[in-house]
């Protein structure tokens, strides 16, 4: 009897009017998704919401209840539109307090940069009971409260915070993937894909069509937490495609 | 007494394991957000969810109830992982049927491309009661059902579908925006931003810090549905920043 494997999941809330207005192309979803995979955690859902307290509270409470981890990005800077900390504290029904270590970090960082003003001190505010996530880039730390991780909106600062967290979160086996590609319209081989997926339990096959140089092609991504299963599925799919007359490009096109 | 302006809102559901796995960087959020702004419609919330029927049903029913329009991208191709149409039909409690016009379109498109197979005919399936959104790129149409717009996952196909919809949706006044930038740490001018925003009703100011060439800067995006209000707010903010000793770059840095 197969042992059911525990799947660890995370959700992400991207907080920011700049994403919803189309001004800024989000980069944190892909960055956090890839990082989570390596930690053995699946990103199960993402919400992009406005800088609005009620929306943040709703999303935080819904998503933290049904996932092992919750990440947020955006809205932790020093300006009037940075309301993430207050909204999350509201969701958790805790007070907001100045974290002494964050204050010390900011004091050090701003010592040669004009001093720790009231606006800057805002970045030391955390939901009561939080730990800090170090930020080597710009002084203001990220925040951890239980299974909630409150990160920056600027992608390279978030990247630094993720580095600090690498290897510290409990997860399952990382989801592995392999990619192969074919110059074929995916509609021609839809049956092959479905049949192959069905004959390899624990494997998922995604099909990603493209149009390039006037030709139709598709890449197929095979995913599994088990290396042997993954390898068998890739070999089987390659075989079926090539038997059908479609040469396969290993690694994708 | 000011007349309260009706704000038209939309939500977007991005359906796709490839976004949640980090394999693909989403481009549809920014593209649809920008297009909606021009139509006078605000993108209020986005969810990224897996190719999973229950997740789609939950998201569709929550978001269509509280927005004027709902868009989805992804999962309308010919393969086994394309379940969007079935899941949306489930959410709407209607049957799935073959749309005769879609079948005719696909028949024409595939006439010289190997014929209309069963897999390809899947792309003519729609929730009962739907209209089509023409797709000049690849035959398979998008689908409109009431205030729900079901679009492709491939961004340039979605772009073509948006073109077909341009000017056909009722909206309010488009949200206009202007951008200015300064070489300043946003924490130094947080007060100026907050005060300026407060003195211009109907304007929002977003602050977007960056680090470039070893220097700290920030861009400020001012938004309003009224051109005169926007202009006054930009002039006021420019004035306050320059009086403080921070030269402003019009258009942003």
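Residue numbers (UniProt numbering), protein chains in the order written: chain P, 1 to 253; chain D, 1 to 253. All residues carry an ideal CB built from backbone N, CA and C; glycine is no exception.
With 16 as the cutoff for other CB atoms within 10 Å, does residue 138 of chain D come out buried or exposed?
Along the second chain, one-based indexing puts residue 138 of chain D at 138. Residue 138 of chain D should be labelled buried.
From the beta carbon of residue 54 of chain D, is the nearest beta carbon of chain P less than 7 Å away?
Numbered from its first residue, the second chain carries residue 54 of chain D at position 54. Chain P has no Cβ within less than 7 Å of the Cβ of residue 54 of chain D.
State the Cα-Cα distance for the pair residue 117 of chain D and residue 78 of chain D, rounded to the nearest angstrom.
As a working mapping, residue 117 of chain D is identified with position 117 in the second chain. As a working mapping, residue 78 of chain D is identified with position 78 in the second chain. Distance from the CA of residue 117 of chain D to the CA of residue 78 of chain D, rounded to the nearest whole angstrom, comes to 10 Å.
Whole runs of the alpha helix (DSSP H) within the region 50 to 112 of chain D, excluding any shorter than 4 residues
You should have 53 to 65, 84 to 92, 100 to 110.
Whose Cβ in chain D lies nearer than 7 Å to the Cβ of residue 61 of chain P?
As a first step, residue 61 of chain P must be located in the first chain, where it is residue number 61. Chain D residues near residue 61 of chain P: none, gap ~14 Å exceeds 7 Å.
Applying the 10 Å Cβ sphere with the 16-neighbour rule, what's the burial state of residue 156 of chain P?
If you number the first chain from 1, residue 156 of chain P lands on position 156. Exposed.
Just to confirm, is the Cβ distance from residue 48 of chain P to residue 19 of chain P under 7 Å?
As a working mapping, residue 48 of chain P is identified with position 48 in the first chain. As a working mapping, residue 19 of chain P is identified with position 19 in the first chain. At the C-beta level, residue 48 of chain P and residue 19 of chain P come within 7 Å of one another.
Using the rule of at least 16 other Cβ atoms within 10 Å of the residue's Cβ for burial, across every protein chain shown, is residue 187 of chain P buried or exposed?
By one-based count along the first chain, residue 187 of chain P stands at place 187. Label assigned to residue 187 of chain P: buried.
For residue 128 of chain P versus residue 94 of chain P, is the C-beta distance shorter than 7 Å?
As a first step, residue 128 of chain P is located in the first chain; it is residue number 128 there, counting from the start. As a first step, residue 94 of chain P is located in the first chain; it is residue number 94 there, counting from the start. Cβ atoms of residue 128 of chain P and residue 94 of chain P: closer than 7 Å.
Mind pulling the chain D residues with CB within less than 9 Å of residue 154 of chain P?
Position 154 of the first chain holds residue 154 of chain P. Within chain D, the residues near residue 154 of chain P are 208, 209, 210, 211.
Does chain P have any CB closer than 7 Å to the CB of residue 39 of chain D?
Start at 1 with the first residue of the second chain, and residue 39 of chain D comes out as number 39. It does not: the Cβ of residue 39 of chain D has no partner Cβ on chain P nearer than 7 Å.
Ends of the beta strand (DSSP E) at residue 193 of chain D?
Residue 193 of chain D sits at position 193 when you count from the first residue of the second chain. Per DSSP, residue 193 of chain D belongs to no beta strand (DSSP E); it is in the alpha helix (DSSP H), 190 to 198.
Counting pairs of beta carbons, one from the region 155 to 175 of chain D and one from the region 97 to 113 of chain P, are three or more of them closer than 8 Å?
As far as the Cβ criterion goes, the region 155 to 175 of chain D does not touch the region 97 to 113 of chain P, which means the pair count is below three.
Does the count of Cβ pairs from the region 56 to 75 of chain P and the region 65 to 73 of chain D closer than 8 Å reach three?
Contact annotation: the region 56 to 75 of chain P does not touch the region 65 to 73 of chain D, with fewer than three C-beta pairs closer than 8 Å.
Evaluate residue 168 of chain P with the Cβ neighbour count: other Cβ atoms within 10 Å of its Cβ, from every protein chain shown; 16 or more gives buried, anything less gives exposed.
Looking up residue 168 of chain P in the first chain gives position 168. When all chains shown are included, residue 168 of chain P counts as exposed.
Which residues in the same chain as residue 227 of chain D place their Cβ atom closer than 8 Å to its Cβ, once the five residues preceding and following it in sequence are excluded?
Working through the second chain from its first residue, we reach residue 227 of chain D at position 227. The residues are 176.
Of the choices P:11, P:21, P:237, whose alpha-carbon is the least far from that of residue 11 of chain D?
To locate residue 11 of chain D, count along the second chain from 1; it is residue 11. Of P:11, P:21, P:237, the residue nearest in Cα terms is P:21.
Within 10 Å of its beta-carbon, does residue 26 of chain P have 16 or more other beta-carbons around it, so buried, or fewer, so exposed?
One-based indexing of the first chain puts residue 26 of chain P at position 26. Buried, since its Cβ has 16 or more Cβ neighbours within 10 Å.
Status (buried if at least 16 other CB within 10 Å, exposed otherwise) for residue 1 of chain D
Within the second chain, residue 1 of chain D is the residue found at index 1, counting from 1. Per-residue confidence for residue 1 of chain D stands at a pLDDT of 42, beneath the threshold of 50, marking its modelled position as unreliable; the derived number appears in the next sentence. Around the beta carbon of residue 1 of chain D, a 10 Å sphere encloses fewer than 16 other beta carbons of the protein chains shown; the residue is thus reported as exposed.
Assuming the contact rule is C-beta atoms closer than 8 Å, residue 206 of chain P and residue 17 of chain D should be a hit. Round their C-beta distance to whole Å, please.
In the first chain, residue 206 of chain P corresponds to position 206, counting from 1. In the second chain, residue 17 of chain D corresponds to position 17, counting from 1. 6 Å between Cβ atoms; contact.
Could you tell me whether the Cβ of residue 85 of chain P comes closer than 7 Å to any Cβ of chain D?
Mapped onto the first chain, residue 85 of chain P falls at position 85. With 7 Å as the cut-off, residue 85 of chain P does not count as an interface residue toward chain D.
Those residues which DSSP pairs with residue 178 of chain P across a bridge:
Mapped onto the first chain, residue 178 of chain P falls at position 178. Paired residues: P:222.
Does residue 30 of chain P come within less than 7 Å of chain D when only Cβ atoms are used?
Reading the first chain from its first residue, position 30 is the one you call residue 30 of chain P. Output row for residue 30 of chain P: interface = yes.
Consider the C-beta atom of residue 178 of chain P and the heavy atoms of the ligand PLP; say whether any pair is separated by less than 6 Å.
The ligand PLP is absent from the structure shown, which contains no ligand whatsoever.
How far does the alpha helix (DSSP H) with residue 120 of chain P in it extend, from its first residue to its last?
Stepping through the first chain from its first residue, residue 120 of chain P is reached at position 120. For residue 120 of chain P, the uninterrupted alpha helix (DSSP H) segment begins and ends at 118 to 121.
What distance in whole Å lies between the Cβ atoms of residue 162 of chain D and residue 35 of chain D, which are believed to be in contact at a cut-off of 8 Å?
What you label residue 35 of chain D is simply residue 35 of the second chain in a count that begins at 1. What you label residue 162 of chain D is simply residue 162 of the second chain in a count that begins at 1. Cβ atoms of residue 35 of chain D and residue 162 of chain D come within 8 Å of each other, at about 5 Å.
Indicate whether at least one CB of chain D lies closer than 7 Å to the CB of residue 93 of chain P.
Along the first chain, read from residue 1 onward, the residue named residue 93 of chain P stands at position 93. Not an interface residue.
Separation of residue 197 of chain D from residue 150 of chain P, as counted between CA atoms
Looking up residue 150 of chain P in the first chain gives position 150. Looking up residue 197 of chain D in the second chain gives position 197. Between residue 150 of chain P and residue 197 of chain D, the C-alpha separation is close to 26 Å.
C-alpha gap between residue 121 of chain P and residue 75 of chain P, whole angstroms:
Taking the first residue of the first chain as 1, we reach residue 121 of chain P at position 121. Taking the first residue of the first chain as 1, we reach residue 75 of chain P at position 75. Each residue's Cα considered, the two are about 15 Å apart.
When you compare the CB of residue 25 of chain P with every CB in chain D, is at least one pair closer than 7 Å?
The residue you call residue 25 of chain P lines up with position 25 of the first chain. When Cβ-Cβ separations below 7 Å define contact, residue 25 of chain P makes contact with chain D.
Please report how far the alpha carbon of residue 87 of chain P lies from the alpha carbon of residue 208 of chain D, in whole angstroms.
By one-based count along the first chain, residue 87 of chain P stands at place 87. By one-based count along the second chain, residue 208 of chain D stands at place 208. Cα-Cα distance, rounded: 20 Å.
Does DSSP put residue 35 of chain P in a helix, a strand or coil?
Position 35 of the first chain, counted from the first residue, corresponds to residue 35 of chain P. Looking at residue 35 of chain P - three-state DSSP - the assignment turns out to be helix.
With 16 other CB atoms within 10 Å as the buried threshold, where does residue 135 of chain P fall?
Within the first chain, residue 135 of chain P is the residue found at index 135, counting from 1. So residue 135 of chain P ends up on the buried side.
Proximal residues of chain P, C-beta to C-beta of residue 178 of chain D below 7 Å
Position 178 of the second chain, counting from 1, holds the residue named residue 178 of chain D. Here the premise fails: no neighbours, minimum Cβ distance about 12 Å.
According to DSSP, simplified to helix, strand and coil, what is residue 130 of chain P?
Indexing the first chain from 1 puts residue 130 of chain P at position 130. Coil, per DSSP.
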